[in-house]
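A.B. asks:
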Amino acid sequence: MTYTVTLKSSGKTFQAKPSQTILEAAADAGITIPYGCRSGMCGSCKGKLVSGDVMLEDYQESALTEQEKSDGLILCCKALATESITIDIRESEEEVIKSKVTPVRVESLEKLNQDVIKMKLKLPGDESLKFKAGQYIEFIMPDNSRRAFSLANPPHEDLLELHLRLIEGGKFTQFVFNEMKEKSIHRIDAPIGQFYLRESEKPIIFVAGGTGFAPVKSVIEDMIFNNINRPIFLYRGVGKFEDLYMHDLSLEWSNTIDEFTYIPVSQNQSSNSDQLRIGLVHEAVLEDFKCLNNVQVYCCGAPGLVQIAFESFVVKGLPEDEFFADAFTFAPPKKLMHTDQMK
Ligand code: FES
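In structure tokens:
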């Protein structure tokens, strides 16, 4: 049995099985609707249910507020059709690279500082992953749960590179830091996500909090490889200087690339504070730019950083559709609700 999903704007239709999310069914039909985390955490896949009914699986309240639910909004990555439906959501024009599950072998594990590990992964044989710089992968755990990590390497490199931060109480990162062995085999689903460079002549502001540097590194190295020359402002936010891994690489870019400005920002003073600005990374951007109406912003890090950067940058003139973000959190609260329970 399937239900028909109709997209209000284009009139396109596709079939969704009762066990499939709207996002999965759209992808199967070759239709791309916007998404980010695929886990009910970021809100990127929000659309309006015009008719019919859906069941919503677990999601995070920050991705869909009570008010939005009562206004008929749904998260397509968490909505299962329970009858034929019509939704109002913008379609993406971009080429879709369909993700697939593949085995990978851990080639190396290297500590970059006290709590960040660089992991390199190899696909079977001569295979390489086709992806856009800035996208992410999901590790599939033995219990089928998933952990998302951005790719830090540019697409022309064969080995996949991840930057993993040790999360207190985080089972997967504890496992990586304490038990994972080189040469071990795992499964990933990749590539995923809509965080990648959009064509434009505008200057780029990258705002990277912590390991949010990973996808930014991928995009910058891809720009270098493809000779894409645009003014770049790289803001990196950390808690203290010691958290600033790959600082030398960032300095090298600022010394060798024309119109590349690197601004590391630390929340706390430390012995090397003279090398950084002290404060919050989004506030450093607000201090440096009187107006943001003629730039693109690419922001990666904790959801709190992404949220406050978006809100404060839009107030300073940034067009909403020139802000691109990838935000991950780790454990959405349990929630299961039928849309007619929302009303
Ligand atoms: S993609 Fe649906 S909430 Fe993130």
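Quick note on our numbering: the sequence shown kicks off at 869 and runs consecutively.
Don't be surprised by glycine CBs; every beta carbon is placed ideally from N, CA and C.
Assuming Lys990 contacts Leu943 under a Cβ cut-off of 8 Å, what Cβ separation, rounded to an integer in Å, is found between them?
C.D. replies: To locate residue 990, count along the sequence shown from 1; it is residue 122. To locate residue 943, count along the sequence shown from 1; it is residue 75. About 34 Å; that fails the 8 Å criterion.
A.B. asks: Going by beta carbon distance, what residues of the same chain come within less than 7 Å of Val918, once the five residues before and after it are set aside?
C.D. replies: The residue you call residue 918 lines up with position 50 of the sequence shown. Only Lys876, Thr954, Ile955, Asp956 meet the Cβ criterion.
A.B. asks: Taking contact to mean at least 3 C-beta pairs separated by less than 8 Å, is the region 1166-1175 in contact with the region 1076-1089?
C.D. replies: Enough Cβ pairs lie closer than 8 Å, so yes.
A.B. asks: Please indicate yes or no: does the CB of Arg906 lie closer than 8 Å to some heavy atom of the ligand FES?
C.D. replies: Taking the sequence shown and counting its residues from 1, one reaches residue 906 at position 38. Correct: Arg906 has its Cβ closer than 8 Å to the ligand FES.
A.B. asks: Is it the case that the CB of Lys946 approaches a heavy atom of the ligand FES more closely than 8 Å?
C.D. replies: As a first step, residue 946 is located in the sequence shown; it is residue number 78 there, counting from the start. Checking every heavy atom of the ligand FES against the Cβ of Lys946, one is found closer than 8 Å.
A.B. asks: Are the region 972-983 and the region 885-896 in contact at 8 Å, needing three or more beta carbon pairs?
C.D. replies: Touching, no, given that fewer than three Cβ pairs across the two stretches are closer than 8 Å.
A.B. asks: Quick one: what does DSSP say Phe1192 is sitting in, helix, strand or coil?
C.D. replies: The residue given as residue 1192 occupies position 324 in the sequence shown. DSSP places Phe1192 in strand when its eight states are reduced to three.
A.B. asks: Within the same chain, show all residues whose beta-carbon is closer than 8 Å to that of Lys1070, passing over the 5 residues directly before and after it, in chain order.
C.D. replies: Taking the first residue of the sequence shown as position 1, residue 1070 is located at position 202. The residues are Arg1098, Asn1162, Val1163, Gln1164, Glu1190.
A.B. asks: For the ligand FES, I want to know if Met923 counts as a neighbour, meaning its beta carbon is within less than 8 Å of at least one of the ligand's heavy atoms.
C.D. replies: In the sequence shown, the residue the question calls residue 923 occupies position 55. For the ligand FES, not one heavy atom lies less than 8 Å from the Cβ of Met923.
A.B. asks: Measure from the alpha carbon of Leu1032 to the alpha carbon of each residue in Arg1145, Lys1039, Phe1017, Cys1159, then state which is nearest.
C.D. replies: Locating residue 1032 in the sequence shown gives position 164, where the first residue counts as 1. Of the candidates Arg1145, Lys1039, Phe1017, Cys1159, the one whose C-alpha sits nearest the C-alpha of Leu1032 is Phe1017.
A.B. asks: Are the region 1053-1062 and the region 1002-1020 touching by the rule of at least three beta carbon pairs closer than 8 Å?
C.D. replies: With a cut-off of 8 Å, the region 1002-1020 and the region 1053-1062 count as touching, because enough Cβ pairs lie within range.
A.B. asks: Could you tell me the alpha carbon to alpha carbon distance between Ile985 and Asn1136, rounded to whole angstroms?
C.D. replies: On the sequence shown, residue 985 is found 117 positions in, with the first residue counted as 1. On the sequence shown, residue 1136 is found 268 positions in, with the first residue counted as 1. Computed Cα separation, rounded: 22 Å.
A.B. asks: Out of curiosity, what's the CA-to-CA distance linking Arg1145 and Tyr871?
C.D. replies: Translated into positions along the sequence shown, residue 1145 becomes position 277. Translated into positions along the sequence shown, residue 871 becomes position 3. Taking the straight line from one Cα to the other gives about 54 Å.
A.B. asks: Can you give the Cα-Cα distance for Lys1039 and Met1048, rounded to whole angstroms?
C.D. replies: For the purposes of this step, residue 1039 is taken as residue 171 along the sequence shown, with counting starting at 1. For the purposes of this step, residue 1048 is taken as residue 180 along the sequence shown, with counting starting at 1. When rounded, the distance between both Cα atoms is 12 Å.
A.B. asks: Please work out which residues of its chain come closer than 8 Å, Cβ to Cβ, to Ile828, disregarding the five sequence neighbours upstream and downstream, and give them in chain order.
C.D. replies: Outside the displayed span of the chain (869 to 1211) sits residue 828, for which this structure offers no information.
A.B. asks: Could you tell me the alpha carbon to alpha carbon distance between Arg1066 and Pro1022, rounded to whole angstroms?
C.D. replies: The residue given as residue 1066 occupies position 198 in the sequence shown. The residue given as residue 1022 occupies position 154 in the sequence shown. Spanning the two alpha carbons is a distance of roughly 16 Å.
A.B. asks: Could you check if Cys1168 belongs to the surroundings of the ligand FES, using beta carbon to heavy atom distance under 8 Å?
C.D. replies: Position 300 of the sequence shown holds residue 1168. No; taking the cut-off as 8 Å, the Cβ of Cys1168 has no heavy atom of the ligand FES nearer than that.
A.B. asks: With a threshold of 16 other CB atoms inside 10 Å of the CB of Thr933, please say whether the residue is buried or exposed.
C.D. replies: In the sequence shown, residue 933 corresponds to position 65, counting from 1. Classification for Thr933: exposed.
A.B. asks: Determine whether the beta carbon atoms of Cys913 and Gly904 lie at a separation below 9 Å.
C.D. replies: If you number the sequence shown from 1, residue 913 lands on position 45. If you number the sequence shown from 1, residue 904 lands on position 36. Yes.
A.B. asks: What would DSSP say about Lys937, mapped onto helix, strand or coil?
C.D. replies: In the sequence shown, the residue the question calls residue 937 occupies position 69. Reduced to three states, the DSSP call for Lys937 is helix.
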